[in-house]
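Under the working numbering, the first residue of the sequence shown is numbered 497, with each subsequent residue one higher.
Reading through the structure tokens given below for one structure.
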Amino acid sequence: MSVSPSVEPSRRFSQQRVGRRGAMILGAGLVPVAAALMNAPTAQAATNTTPISVTDMGAVGNGTTDDTTAVRAAVAAAVAQSRPLLFPPGTYLVDAPILVKDAPNFVIEMQGRLKRKDTSNAASLLQFYNCDDLVATTLRTDGNATKNGKVQGDGVWYPVDEVKHDIRLDACKNVWIGLIDSVNPAADALYLAGGGAPNSDVKVEHLSARADTATGRSAVSVIAGANLQFGSVRSSNIGSAKGFPMPGGFQVEPNAGDSVTNLFVDNIDVDTAGATGFGLYAPGAKAITNVQVGSIRLHKLAGVNVNACDINLNGATNVRIGSILHSSDAANTNATLSIDGCDNVELSVDIPKMGSRPVNIGSTRMVTNLTLRGRLQGSTSHLLQVFNLNDSLIDVRLRDAGASSMYLVKHASGTSARVTFSGDWRKTTGGLCVSGSGQLTEWVLQDVDMTGWARDTRIKGGATSYLGNIRKSRVTNLTASTTAPLWDFWARGDFVENLAPAELGTTGGKYVVTGWMATATGYHTAAGWVECRTPTGR
497 MSVSPSVEPS
507 RRFSQQRVGR
517 RGAMILGAGL
527 VPVAAALMNA
537 PTAQAATNTT
547 PISVTDMGAV
557 GNGTTDDTTA
567 VRAAVAAAVA
577 QSRPLLFPPG
587 TYLVDAPILV
597 KDAPNFVIEM
607 QGRLKRKDTS
617 NAASLLQFYN
627 CDDLVATTLR
637 TDGNATKNGK
647 VQGDGVWYPV
657 DEVKHDIRLD
667 ACKNVWIGLI
677 DSVNPAADAL
687 YLAGGGAPNS
697 DVKVEHLSAR
707 ADTATGRSAV
717 SVIAGANLQF
727 GSVRSSNIGS
737 AKGFPMPGGF
747 QVEPNAGDSV
757 TNLFVDNIDV
767 DTAGATGFGL
777 YAPGAKAITN
787 VQVGSIRLHK
797 LAGVNVNACD
807 INLNGATNVR
817 IGSILHSSDA
827 ANTNATLSID
837 GCDNVELSVD
847 IPKMGSRPVN
857 IGSTRMVTNL
867 TLRGRLQGST
877 SHLLQVFNLN
887 DSLIDVRLRD
897 AGASSMYLVK
907 HASGTSARVT
917 FSGDWRKTTG
927 GLCVSGSGQL
937 TEWVLQDVDM
947 TGWARDTRIK
957 GGATSYLGNI
967 RKSRVTNLTA
977 STTAPLWDFW
987 ARGDFVENLA
997 PAELGTTGGK
1007 YVVTGWMATA
1017 TGYHTAAGWV
1027 ECRTPTGR
């Protein structure tokens, strides 16, 4: 199963549901529930396809009248009679929760919007529990976050309450949702629960979450589940950066004992002042497996100063992200990207304005089989910092580190082995190209451009440095010279090409020096350079 850039998988999915329930979708437009169910399959002939409207039970939908009793009555009737539930145009003010429970084959459409009352109950606004084969053409909600926050850890009230989700799914299987349109959520726009009630086989075609001010928690939070598919996810101004900072985008964060497997997302588009725009976070165990995302665009709004991480991959296995584009309005003290405790990860990144913290790999746990490509640029600190990393490929363009910082640094903590680095590392700003004191073995610099870096700034470390264990091949401005190297760290077997070959020797024994090879690992002359001669036969 893979992420497709086209809409065809969604169309096929919809057609499958059409075969079971009637024509839920015609072309690109949504069809009212009554019309959609006119041609219900024979297997559901006992189901009354005439929808129950919340207005039939007395709901007014003017945004000021309390419609809680009427909406709950309409839900109860629709469940009891196995009929679709319809919200006509309007704004239906209710207290939480509106609960749909034990309702197989439930169908719902919101042409209007469900709005949370001021200071409502601390529960999800709309919750589906044990609703297998759920079909929701549209779910429209208003979390009314500015009237539903709470006092946070710093003793100050903020417009966020982590339990006041707009939509929550528990123990639901085989779910199809055409559109979720959430405004001003106090917590998550969509929350997929875990514990003893994980969800499976859930498909959300489109999700849009937006807020008037920086409020709420995330557009999507996944605690547990299997076979979860999302088309487009848009999050705008979700995520509080004050009090206890909230993420703001798409979060996968299983609790102890939970797991998430087979998650597929076409594209994620996030503008947030929150702590984390995209996160796969399972630091206690590798509880997240098989994740594919087509593209992520993350823009951090001004005022982000929470020292968190914008894109955080922690405790995940088998992750593929086609592209990540990161940008920022102002100085960003978050780390832009962190990868920790992951295995078999492939991603392409474009981060032109990193801020004050490097990209960190394996800061607490080993990362293996990482393929990282793209651009890292614009940090007042280091660009790429490696702690624990094995069996990986890093092919990145590096530019603009802090004045006394490094492009690539092996941190003193952790170990690293069998990593190949390549890319354009031409100097703009920065103190050293490659440095660090941490333990490493079998690192290879291959097809790296170090143009502009002066001698002894290309690969430089202290007396106990492991940098001599780095092999080099085709490194511009390093592995070609007119003399045997007198600077930088070298590994036994490194070869430096002679840029000025000339025929030497006497008649009958003439030769050309093609280069020099290091016979030992060490700093400049300690590498034990010997000439590599090729006889000319003259």
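Note that the Cβ used here is the ideal one computed from N, Cα and C, for glycine as well.
List the DSSP bridge partners of residue i.
i, result
"H702", "L675, S728"
"R612", "V590"
"T785", "T757, T813"
"L595", "Q623"
"M902", "L928"
"A1014", "W1025"
"E549", "Sequence check: residue 549 is Ser here, not Glu. According to DSSP, S549 bridges with L582."
"K923", "In the DSSP output, where bridge partners are listed per residue, K923 has none listed."
"L894", "L872"
"W983", "Looking at the DSSP assignment, W983 forms no beta bridge with any residue, so it has no partner."
"S823", "H795"
For residue i, decide whether its Cβ has a neighbour in chain C, counting only Cβ atoms nearer than 8 Å.
i, result
"V698", "Given the protein chain composition of this structure (a single chain), no chain C is represented."
Would you report the Cα separation of residue i and residue j, rounded to the nearest angstrom?
i, j, result
"D920", "A1023", "26 Å"
"T561", "M553", "14 Å"
"A641", "G712", "7 Å"
"G518", "T633", "In this prediction, G518 scores a pLDDT of 32, lower than 50, which makes its location untrustworthy; the coordinate-derived value is nonetheless stated afterwards. Going by the C-alpha atoms only, they are around 12 Å apart."
"G932", "G870", "23 Å"
"S859", "A783", "18 Å"
"Y625", "S909", "46 Å"
"W653", "V575", "38 Å"
"D952", "C929", "10 Å"
"V656", "G721", "25 Å"
"V1026", "L879", "35 Å"
"N808", "V647", "27 Å"
"S732", "V679", "10 Å"
"V766", "L797", "10 Å"
"R568", "R609", "15 Å"
"W1035", "T1021", "Coverage of the chain is limited to positions 497 through 1034, which leaves residue 1035 absent and any answer about it impossible."
"F917", "N810", "22 Å"
"I548", "K613", "23 Å"
"G927", "N840", "32 Å"
"G645", "A812", "32 Å"
Could you tell me whether the Cβ atoms of residue i and residue j are closer together than 8 Å?
i, j, result
"Q788", "F760", "yes"
"G1011", "F985", "no"
"R967", "G934", "no"
"H661", "A683", "yes"
"L635", "I594", "no"
"T925", "A897", "yes"
"K643", "W672", "no"
"A987", "T1017", "yes"
"I792", "I820", "yes"
Identify whether residue i lies in helix, strand or coil by the three-state DSSP scheme.
i, result
"H1020", "helix"
"L963", "helix"
"Q577", "helix"
"V571", "helix"
"V718", "strand"
"V882", "strand"
"T1032", "coil"
"L526", "Below a pLDDT of 50, predicted positions are generally treated as unreliable, and L526, at 36, falls in that range; the measurement from the model is reported next regardless. It is a strand residue."
"K643", "helix"
"Q511", "Residue confidence is low: Q511 scores 32 on pLDDT, short of 50, so the model does not pin down where it sits. No coordinate-derived value is stated."
"T860", "coil"
"T975", "coil"
"T634", "strand"
"T564", "helix"
"Q747", "strand"
Return the residue from the list the options that minimises the CA-CA distance to residue i.
i, options, result
"Y1007", "T1032, I604, A996", "T1032"
"G691", "H702, Y1019, Y962, E749", "E749"
"Y1019", "N886, N965, G851, R706", "N965"
"D563", "I548, N680, P779, V590", "V590"
"V596", "S901, A667, S909", "A667"
"V863", "S912, V716, I764, L879", "S912"
"V944", "D891, L936, E993", "D891"
"R829", "D839, S616, S852", "With the sequence shown as reference, residue 829 is identified as Thr, and Arg is not the correct amino acid for it. It is S852 whose Cα lies nearest to the Cα of T829."
"A831", "H822, D839, C838", "H822"
"T972", "L995, Y962, A987", "L995"
"D559", "I835, L675, E1027, G639", "Note that residue 559 is Gly in the sequence shown, not Asp. Considering only alpha carbons, the answer is G639."
"A715", "P743, L843, T975", "P743"
"V756", "N865, I719, A771", "I719"
"S888", "W939, G818, S977", "W939"
"R914", "A566, T867, P585, L1000", "T867"
"P600", "L582, T615, A592, S578", "S578"
"L963", "V841, L941, A685, G948", "L941"
"I817", "G837, L843, D825", "L843"
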